[in-house]
Each structure stands twice: as C-alpha cells, then as structure tokens.
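Novice: For reference, the structure I am asking about is given below.
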Amino acid sequence: MSEIRISKDIYYIGANDRDIDFFEGQYIVPNGISYNSYLIKDEKNVVMDTIDKSKVEEWNEKLEKALDGETVDYLVVSHLEPDHAYNVEFLAKKFPNMKIIGNAKTFAFMPQFFNIEDLEARKIVVKEGDTINIGKHTLQFFMAPMVHWPEVMVTYEQSEKILFSADGFGKFGALDVDEEWDCEARRYYFNIVGKYGDQVQSLLKKASTLDIKMICPLHGPILKENLEHYINLYDIWSSYKPENTDGVFIACASIYGNTLEAANKMAEILKDEGVKKVTVTDLVREDMAEAIEDAFRYDKIILASSTYNMGIFPPMHQLLMHLKGKNYQNRKIGIIENGTWAPNSGKCIKEILGEMKNITVVDPTVTIRTKMTEENIENMRYLAQEILK
Ligand code: FEO
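Counting in my numbering, the sequence shown runs from 922 upward without gaps.
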C-alpha cells in the first residue's frame, strides 16, 4: 500500500469505495466515492476524522503505516455522520490516551452513536475560533452548523494554511477517477447541502477571512490550485443563483411517451430560437439527483408532466418535493401538461411552485390532450419566446 502525503507532515489515510450501491442510502455514484481522512504528524499526532465502516481495515493499515509506531494524541471529529465517524469508538479503544476534539453539539450527539465510557475525561470541547497547538502546526476551529449536520465544524491549520472543510467542497467519485470536478461536485452539493445555502454562505464569509492554500474535504479530491474557481462556484450555488443563464433545462414525467415527445419538441423549438444548451431529462428513467442538480444549474426550466390521479405524475411530483425541500428559488419556469380527459397537472405544479420563493411561472401553460397537435406546437413556440424574454 503506497503512502500518500499531502505535505511533509500530513498523510492521506482515506479510501475509495467503488462497491457502494447508494451513497447516504439514496444517491447512485457510478464512479464510487472517497472517504477522506488525514493524519497530521507533529509533536502531537492528530487524526482528522475516521472512515466509513466498509473501509476500516484499509484505513487502519494506512494509519498504522503513517504512524510508524507512534501514537495518536488527538482525533478531530468534524462531522458525526457514519461515513466519517464510524470508527471513533474503535480509535478511542486503540489509543486509550487519545483526546477527542469536537464542539458542544458533537458531544451532545456522540453518545447516540457510541459508548465511550471515559468520554467526559477525554473530550475537548472547542468553540468558534479556538486554537490547539500541536507543535509546528496550530489547528483553529470554525463552526459550520448545517453544512451538513448541526455539529459540523471545519479546521484551519494555520502553518500550512489548509482548510479541512468537512463535507464542504466534497464531490462524488473515487479519487482515482479522472473526471471534471464541477459536475459531480454540483450534484453532490445540491443534493446533500442544497437546503442550507444560508449556512454555506456564512461559512464562505468565515473562509474569506483566512488565507487558504489547500482545501481538504471529506469526499473527493484535495484542492490545491485555482481555489477561486471552487469557492466562486460554492458562492453561486449557495446563494441560489443560476450557474448557467444561456441554457434551458426540461424535466419530463411521461407515462406512455407522448409528454416526452412534446418535451423533445420543446427542446427543438428552443434550439431553433438560438438557445445554446438544452438538457432534457426523463424523470421516469434518469437519475433524480442529476435532475435536481440541473434544476439548480439553469435559470430557465420547463416542466412537462402527465396528469395522474387528477394530480401530477409521481416522478414530477417527486422532483418538485425535492426542490421545495431544498429551498429552490429565483427561477423562470414554463409548464407543459398532458391529460386525455382532464389535464390537471399544470394547475397542481403551479400550486407547488407558488410555495417557493421568487419563482416566475411563464405563460402560456401548454395543455396537451394525449398527443401534441399543431396548435400545441404553436403554443410551445410562444412559450419558448416568452421564457427567453
Ligand atoms: Fe460525508 Fe455528511 O457526511
């Protein structure tokens, strides 16, 4: 097993998981996921978070190799979710003199996960801005509540100017995958922390006061160069601004294919109108997490749905519930509804959109009665022109 150092004193002891079926019980990760964990070696040795239960052995081997006979003095628990904290108890047993660093919330939740008998004596409770010196390195802690859970905190290592950013700046995909960061980081961001844009904004404000040379997240690659690019994307995403203003996202939920045919026709019309990028998603068959990502990515959206039980066909209803739950806002939306005897999905979609902030529903709603007609196509042209205004 080769040793990976991210600097002279900091070792990467995380692992790639390519066997996982669903990350966090719901997200497909075609290229796996990495659980990152780090060891800082100094006068005192510090482990920055542990690992998922599936990778204990590999992580433990890497830790022992990097320790080279030394002990662990501190464990920093940035986040208690089991993909990182599963081994807190294991490590506490392995190193009985090790102190555990967390905040008040970390230790409020910890007994719900583990039974560490001498926890009271071993815990070090840190608050906003507190520092712990471990030799050449000094760790400074900043609270990041709800970036993803309430107990989340990030650690800034002052001498090497490294931000250990917890789930922030994370990405789906194992570390040995060669793929663009933005796409899978965006899908990760909107699905996992999308609801907490305000809290991410607060964290970005704190980060802007620090001189950061490297970001070490708990998932995905360590970011060393061009940090402005990643920070800028996080700023756009967390402020609910669209990232792309030159495209249209069409989400479609179709029972027999007639609505999908209309969605594809709508894409053709938009391209004829000069739109550079039109993305059509078949919500019945494609990844919901990606549809959520695209709904946030673009500023103009078309929702095309069959009517079902006098309401919205479930895959579209599901998308809308996800978006509502994630504080979706600030977008222009056009609607195409379909129904053989009583098309009603458009009205129901509008009701849900009405509960979201700053959503402009663009007229006309296109109403199809089974198969699209020439008149429907005319209306779609009109809708395209209106949404592009
Ligand atoms: Fe990667 Fe919120 O755990």
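All C-beta atoms in this analysis are idealised placements derived from N, C-alpha and C, irrespective of residue type, glycine included.
Which residues in the same chain as Met1067 place their Cβ atom closer than 6 Å to its Cβ, once the five residues preceding and following it in sequence are excluded?
Specialist: The residues are Tyr1117, Gln1120.
Novice: Please list, in chain order, all residues of the same chain as Gly1115 whose beta carbon is under 6 Å from its beta carbon, the five residues on each side excluded.
Specialist: These residues qualify, in order along the chain: Lys1247.
Novice: Measuring only the C-alpha atoms, how far is Lys1271 from Glu1189?
Specialist: One C-alpha to the other measures close to 24 Å.
Novice: What's the call for Phe958, buried or exposed, on a 16-neighbour Cβ count within 10 Å?
Specialist: What sits at residue 958 in the sequence shown is Ser, not Phe. Flag for Ser958 reads buried.
Novice: Determine whether the beta carbon atoms of Ala1183 and Met1293 lie at a separation below 8 Å.
Specialist: Yes, the Cβ-Cβ distance between Ala1183 and Met1293 is below 8 Å.
Novice: Examine the Cβ distances between the region 1095-1115 and the region 1029-1049 and report whether three or more of them are shorter than 8 Å.
Specialist: Contact between the region 1095-1115 and the region 1029-1049 is absent, because fewer than three Cβ pairs lie under 8 Å.
Novice: Where are the beta strand (DSSP E) runs, 3 residues long or more, that stay fully inside the region 1034-1108, in chain order?
Specialist: Complete beta strand (DSSP E) runs here, min 3: 1044-1046, 1052-1054, 1059-1064, 1074-1078, 1083-1085.
Novice: Using DSSP with H/G/I as helix, E/B as strand and the rest coil, what is Ala1188?
Specialist: If DSSP states are grouped into helix, strand and coil, Ala1188 belongs with the helices.
Novice: Excluding the 5 residues flanking Pro1281 on each side, which residues of the same chain have their C-beta closer than 6 Å to its C-beta?
Specialist: A quick correction: the sequence has Thr, not Pro, at residue 1281. Counting only Cβ-Cβ distances below 6 Å, and skipping sequence neighbours, we find Lys1253.
Novice: Measuring CB atoms only, is the region 1053-1066 touching the region 1011-1026, in the sense that at least three cross pairs come out at less than 8 Å?
Specialist: Verdict: yes, contact present.
Novice: Using a Cβ-Cβ distance under 8 Å, would Glu1041 count as near chain C?
Specialist: Among the chains of the structure shown, chain C does not appear; only one protein chain is present.
Novice: Which one of His1000, Leu1001, Leu960 has the shortest CA to CA distance from Asn981?
Specialist: Residue Leu960 is the option with its Cα nearest to Asn981.
Novice: By the three-class DSSP mapping on this structure, what secondary structure does Lys965 have?
Specialist: Lys965 falls in the coil class under three-state DSSP.
Novice: Which of the three DSSP states is assigned to Ile1223 in this structure?
Specialist: Here Ile1223 sits in strand by DSSP.
Novice: In the DSSP assignment, the alpha helix (DSSP H) including Asn1297 goes from what residue to what residue?
Specialist: It spans 1295-1309 - the alpha helix (DSSP H) in which Asn1297 sits, taken as one unbroken run.
Novice: Hey, is Glu1207 close to the ligand FEO, as in C-beta under 7 Å from one of its heavy atoms?
Specialist: False, no ligand heavy atom lies under 7 Å from that Cβ.
Novice: Can you give me the start and stop residues for the alpha helix (DSSP H) that Phe943 sits inside?
Specialist: First-last for Phe943: undefined, no H or E at that position.
Novice: Taking 8 Å as the threshold (C-beta atoms), are Val997 and Leu1040 in contact?
Specialist: Their beta carbons are not under 8 Å apart, which means Leu1040 does not touch Val997 by this criterion.
Novice: Taking Cβ positions, are Val1047 and Ile1021 nearer each other than 8 Å?
Specialist: Cβ atoms of Val1047 and Ile1021: not closer than 8 Å.
Novice: Less than 7 Å separating the Cβ of Trp980 from some heavy atom of the ligand SAH?
Specialist: Among the ligands in the structure shown, the ligand SAH does not appear; only the ligand FEO can be found there.
Novice: Could you please give the first and the last residue of the uninterrupted alpha helix (DSSP H) stretch that includes Val977?
Specialist: Its alpha helix (DSSP H) spans residues 977-988.
Novice: Which residue wins for smallest C-alpha separation from Leu988, given the options Tyr932, Leu1204, Gly1178, Ile1143?
Specialist: Out of Tyr932, Leu1204, Gly1178, Ile1143, Tyr932 has the C-alpha closest to the C-alpha of Leu988.
Novice: Per DSSP, what kind of secondary structure is Gln947 in: helix, strand or coil?
Specialist: Three-state DSSP puts Gln947 in coil, outside helix and strand.
Novice: Beta-carbon within less than 8 Å of Ala1095's beta-carbon, same chain only, minus the 5 sequence neighbours each way: which residues are those?
Specialist: For Ala1095, where only same-chain residues beyond five positions count, the Cβ hits under 8 Å are Asn937, Asp938, Arg939, Asn952, Gly953, Ile954, Ser955.
Novice: Taking one C-beta from the region 1131-1151 and one from the region 1067-1082 each time, how about it: are there three or more such pairs within less than 8 Å?
Specialist: Output reads yes: the region 1067-1082 touches the region 1131-1151.
Novice: Looking at the strands, I want to know which residues DSSP matches up with Gln1250.
Specialist: Lys1278.
Novice: Mind reading off the beta-carbon distance from Ala1212 to Leu1204? Whole number of angstroms is fine, and I expect it under 8 Å.
Specialist: Correct: roughly 6 Å between the Cβ atoms.
Novice: Helix, strand or coil for Ile972 per DSSP?
Specialist: Correct three-state label for Ile972: coil.
Novice: Hey, is Leu1139 close to the ligand FEO, as in C-beta under 7 Å from one of its heavy atoms?
Specialist: Yes, Cβ of Leu1139 sits closer than 7 Å to a heavy atom of the ligand FEO.
Novice: Nearest to Gly1195 by CA position, among Asn1112, Leu1181, Lys1310, Gly1255, is which residue?
Specialist: Answer by Cα proximity: Lys1310.
Novice: According to the Cβ coordinates, are Ile972 and Gly935 closer than 8 Å?
Specialist: In contact: Ile972 and Gly935 (Cβ atoms closer than 8 Å).
Novice: Below 6 Å CB to CB, which residues in the same chain sit around Pro1264 once its five sequence neighbours on both sides are set aside?
Specialist: So the qualifying residues of the chain are Thr1228, Glu1258, Thr1288.
Novice: Answer with buried or exposed for Thr1202, where buried requires no fewer than 16 other C-beta atoms within 10 angstroms of its C-beta.
Specialist: That one is buried.
Novice: Between Glu1272 and the ligand FEO, is there a pair consisting of the residue's CB and a ligand heavy atom that are separated by less than 7 Å?
Specialist: It does not: the Cβ of Glu1272 is nowhere closer than 7 Å to a heavy atom of the ligand FEO.
Novice: Between Lys1082 and the rest of its own chain, which residues show a CB-CB distance below 8 Å, the 5 nearest in sequence each way excluded?
Specialist: Closer than 8 Å at the Cβ level, and outside the excluded window around Lys1082, lie Leu1131, Asp1132, Ile1133, Lys1134, Met1135.
Novice: Let me check you understand the geometry: is the CB of Asp938 closer than 7 Å to at least one non-hydrogen atom of the ligand FEO?
Specialist: Answer for Asp938: no, Cβ out of range of the ligand FEO.
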